[in-house]
Amino acid sequence: MSDKLEKARLKVTEADEQIVPLLVKRLAAVEEIGRIKQEEGIGVKDSGREKKVLEKVAELAGHENAEYVQQIYKEIMAQACRFQQKQKEEIK
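Sequential numbering from 1461 applies to the sequence shown in the working numbering.
Set out below in structure tokens:
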């Protein structure tokens, strides 16, 4: 592997080292939201909220990256819903 490629990959590794703790923090918030939804009898999926999140991340990403970032966030939100659904089933 060339030094140039290794240096470029290091940038990805450094970004991952920042992203993963933020995803863990987000998942903790998702867990809290799941408990609140359970207490209040609210369903797991909130399409309106998801739409707002996708609009916001597209804005933050900028025109060139919006589509890619939205796809990543769709998966993040799908995993959050799965997490909350599992949480809901465990509470029953």
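Note that the Cβ used here is the ideal one computed from N, Cα and C, for glycine as well.
This one's a predicted model, so the numbers in the text were calculated from it and none came from an experiment.
Which of helix, strand or coil DSSP assigns to residue i
| i | result |
| --- | --- |
| ASP1476 | helix |
| ARG1494 | In the sequence under discussion, the amino acid at residue 1494 is Gly, which differs from the Arg named in the question. In the structure shown, GLY1494 sits in a helix (DSSP, three-state: H, G or I). |
| VAL1484 | helix |
Where the alpha helix (DSSP H) containing residue i begins and where it ends
| i | result |
| --- | --- |
| ILE1536 | 1526-1551 |
| GLY1508 | 1507-1521 |
Contact belief for residue i with residue j at Cβ below 8 Å, rounded distance in angstroms
| i | j | result |
| --- | --- | --- |
| ALA1540 | VAL1484 | Between VAL1484 and ALA1540 the Cβ distance is about 13 Å, and since that is not below 8 Å, they are no contact. |
| MET1537 | GLU1510 | 5 Å |
(message) Assess contact between the region 1499-1509 and the region 1521-1529, defined as three or more Cβ pairs (one per stretch) separated by less than 8 Å. Is contact present?
(response) no
(message) Closer than 8 Å is the cut-off here; do at least three beta carbon pairs connect the region 1544-1552 with the region 1495-1502?
(response) yes
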